[in-house]
Amino acid sequence: MSKGPTDDDRSRTRLNITLYAATVLLACLAVALGVLIYDARGEQIDGVDVVPGAGQDVGRGIVQAVPAADADEQERTAAQLKAASEMVTSFVNFDHKEPDRTINAVQERSTGEFLKQYNEGVSGLKELAAEAQSTMQASVVWSGLVAGDDDSATVIVATTGSVTNKTTEFKKEARNYRIQVELVLEKGRWLTSDLQYVELG
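Counting in full-length UniProt numbering, the sequence shown runs from 1 upward without gaps.
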């Protein structure tokens with residue numbers, strides 16, 4: 001008799017869904033902020049640049065100007081998003097004929113317990129991929145920073161792509177993923193310390 005989902009499983013699912021929702025919300029806010037900044041005309045109040053309409057009631061709340069992040073924070077966020085996107089790109093692109101290309105790319109971008117677990121599973125990964133003759137091609141469509149500071153970050157990355165293997169009778173089948181990446185800064189590089197698929201629904 002198979003075990004049902006544990007409390008930890010349900011808790012992780014709820015957490016993943018919450019993180020995804022937060023990322024979507026942040027993306028919407030970023031788009032809204034971008035529109036406001038694009039529409040700015042250089043108006044100032046007390047010597048501070050503001051967005052036209054700031055302080056006006058628009059029916060669902062008061063328009064408020066949001067200050068831009070400083071240059072260091074913007075550069076750090078860009079580096080975190082880039083590192084997560086590169087990691088996921090390496091992770092989800094796999095060719096059973098050239099497994100070491102994916103494996104080496106993932107290893108180079110990993111650290112800590114995640115790297116240890118990945119290394120332990122490499123031989124099994126090669127065997128399964130060879131047996132199934134599996135190939136996956138995918139690309140990143142967006143990434144969003146959930147949380148980040150000077151030495152760590154949580155990023156969710158969305159991919160779209162396809163897979164072919166014996167099960168699909170070597171016909172392409174769509175595969176779209178949301179992947180949560182935990183990053184840490186080590187010797188000037190953002191490396192992946194954990195990676196997991198985000199469950200939706």
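For each residue, glycine too, the CB sits at the ideal point set by N, CA and C. Since we're looking at a predicted model, the values are computed, not measured.
Quiz prompt | One or two residues paired with residue 175 in a DSSP bridge | solution = 161
Self-check item: Coil, strand or helix - residue 109 by DSSP
Solution: coil
Quiz item: What are the partner residues of residue 95, as DSSP defines its beta bridges?
Solution: 135
Quiz item: Counting along the chain, where does the beta strand (DSSP E) carrying residue 192 start and finish?
Solution: 189-197
Exercise. State yes or no: is the C-beta of residue 179 within less than 8 Å of the C-beta of residue 191?
Key: Taking 8 Å as the cut-off, the beta carbon of residue 179 is found no closer than this to the beta carbon of residue 191.
Self-check item: Length of the line joining the Cα atoms of residue 48 and residue 73
Solution: Note on residue 48: pLDDT 43, under 50, position unreliable in the model; the coordinate value appears next. Looking at the two C-alpha atoms, the distance is approximately 20 Å.
Quiz item: From residue 92 to residue 71, what distance separates their C-alpha atoms?
Solution: The straight-line gap from Cα to Cα measures roughly 32 Å.
Self-check item: Coarse secondary structure for residue 154, derived from DSSP in three states
Solution: Correct three-state label for residue 154: strand.
Quiz item: Within 10 angstroms of its Cβ, does residue 42 collect 16 or more other Cβ (buried), or is it exposed?
Solution: A caution first: residue 42 carries a pLDDT of 43, below 50, which makes its placement in the model too unreliable to give a value.
Quiz item: Roughly how many angstroms separate the alpha carbons of residue 134 and residue 90, rounded to a whole number?
Solution: CA-to-CA, the gap between residue 134 and residue 90 works out to about 15 Å.
Quiz item: For the ligand NAD, is there a heavy atom less than 7 Å away from the beta-carbon of residue 89?
Solution: With respect to small molecules bound, the structure shown includes none, and the ligand NAD cannot be examined in it.
Practice problem: My understanding is that residue 138 touches residue 175, with C-beta atoms under 8 Å, so please give their C-beta distance in whole angstroms. | Solution: 7 Å
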